[in-house]
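S.K.: Residue numbers (this note's numbering): 297 to 559.
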Ligand code: CIR
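Structure representation (structure tokens):
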């Protein structure tokens, strides 16, 4: 007999900020060894990403490319946003410092804003919200000062905050993502797995590691194309799926969540 799964959507998103990759995109930071990205294909994949967000019901704010910052399409790292307020980050790799300036201008009329200040470093890819909880990954991009500043802001807004070490991964959300309904995607090698025992954990094996960064947006979960086991596991949880080809972003260490700021 089929079971009926009731999925909730506690925080519906209505908007997203995205930024198209610039012609300098291939000069960005990467450790992937997957080769040089093709900018024309990256732009096509970005268009499909935008269409997917629109299908999920979001109104998009699409920023022009900034050739001075080859990684600036990865807007998620420049801010942490909730439905009520935002925090402008201070990117942890000096090559990305300054990307946050434009994002601040865009968010200022929309949300009450805070900022992470020096010596704090923090990137949005290290921050995961799971309902009333926020997890802050301590990585090469997010330091203790950044984490402490963010934790103070979030606790003042009545969120529970946890700081968790990230090992061998670029960002926290490279290895862990919350889908809602207590469901969590977790890469098998994630070093702090025991911190998530209270969740219904879907463990992602090494060969599908990239799909640990799948993204719940309202009624859908967006999943990178080419990871059938993860796709099937998420479908079994009862979610509707949108699959997207992201090869040109994977080449630059970027996943689904990094390409937008959703609120
Ligand atoms: C970087 O290394 O900063 C970029 N090439 C990739 C950033 C990916 N962002 C994310 O996972 N939130």
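Positions of the beta carbon are idealized from the N, C-alpha and C atoms, including for glycine. Computed from a prediction, not measured in an experiment: that's the story for all the values here.
1) Can you name the residues that DSSP bridges to residue 375?
2) Just how far apart, CA to CA, sit residue 322 and residue 345?
3) Could you give the C-beta distance for residue 384 and residue 412, rounded to a whole number, given that I count them as a contact under 8 Å?
4) Could you tell me how far apart the beta carbons of residue 421 and residue 466 are, in whole angstroms, since I believe they sit closer than 8 Å?
5) Under 8 Å: do the segment 447-463 and the segment 481-499 share three or more Cβ pairs, one atom per stretch?
6) Taking the Cβ atom as the reference point for each residue, do residue 557 and residue 369 lie within a distance shorter than 9 Å?
7) Would you identify the three-state DSSP class for residue 308, choosing helix, strand or coil?
8) Of all the options 518, 430, 514 and 475, which has the alpha carbon lying nearest to the alpha carbon of residue 498?
9) Using the beta-carbon count (16 or more within 10 Å), is residue 482 buried or exposed?
10) Indicate the three-state DSSP secondary structure (helix, strand or coil) for residue 313 in the structure shown.
11) Helix, strand or coil: how does DSSP classify residue 484 here?
12) So residue 442 is in the alpha helix (DSSP H); what residue range does that whole segment cover?
13) Using the three-state DSSP reduction, which class does residue 548 fall into: helix, strand or coil?
14) Using only CA atoms, which one of 456, 328, 414 and 452 lies nearest to residue 440?
15) If you reduce the DSSP assignment to three classes, tell me which class residue 459 lands in.
M.R.: Result, derived from the coordinates:
1) For the purposes of this step, residue 375 is taken as the residue at position 79 of the chain shown. The partner list for residue 375 (beta bridge, DSSP) reads 384.
2) If you number the chain shown from 1, residue 322 lands on position 26. If you number the chain shown from 1, residue 345 lands on position 49. If you take the alpha carbons of residue 322 and residue 345, they lie about 19 Å apart.
3) Here residue 384 is taken as the residue at index 88 of the chain shown, counted from 1. Here residue 412 is taken as the residue at index 116 of the chain shown, counted from 1. Confirmed, Cβ separation roughly 7 Å.
4) Start at 1 with the first residue of the chain shown, and residue 421 comes out as number 125. Start at 1 with the first residue of the chain shown, and residue 466 comes out as number 170. Rounded, the Cβ-Cβ distance is 7 Å, consistent with contact.
5) yes
6) Counting from one through the chain shown, the residue named residue 557 turns up at place 261. Counting from one through the chain shown, the residue named residue 369 turns up at place 73. Not closer than 9 Å, so no.
7) Position 12 of the chain shown, counted from the start, is the residue given in the question as residue 308. Residue 308: coil per DSSP, three-state reduction.
8) In the chain shown, residue 498 corresponds to position 202, counting from 1. Nearest C-alpha to residue 498: 475.
9) Within the chain shown, residue 482 is the residue found at index 186, counting from 1. Flag for residue 482 reads buried.
10) Residue 313 sits at position 17 when you count from the first residue of the chain shown. Note: residue 313 maps to strand in three-state DSSP.
11) Translated into positions along the chain shown, residue 484 becomes position 188. Reduced to three states, the DSSP call for residue 484 is coil.
12) On the chain shown, residue 442 is found 146 positions in, with the first residue counted as 1. Element bounds for residue 442: 440-452.
13) Residue mapping note: residue 548 aligns to position 252 of the chain shown, counting from 1. In the structure shown, residue 548 sits in coil (DSSP, three-state: anything other than H, G, I, E or B).
14) Working through the chain shown from its first residue, we reach residue 440 at position 144. Among 456, 328, 414 and 452, the Cα nearest to that of residue 440 belongs to 414.
15) The residue labelled residue 459 in the question sits at position 163 within the chain shown. If DSSP states are grouped into helix, strand and coil, residue 459 belongs with the strands.
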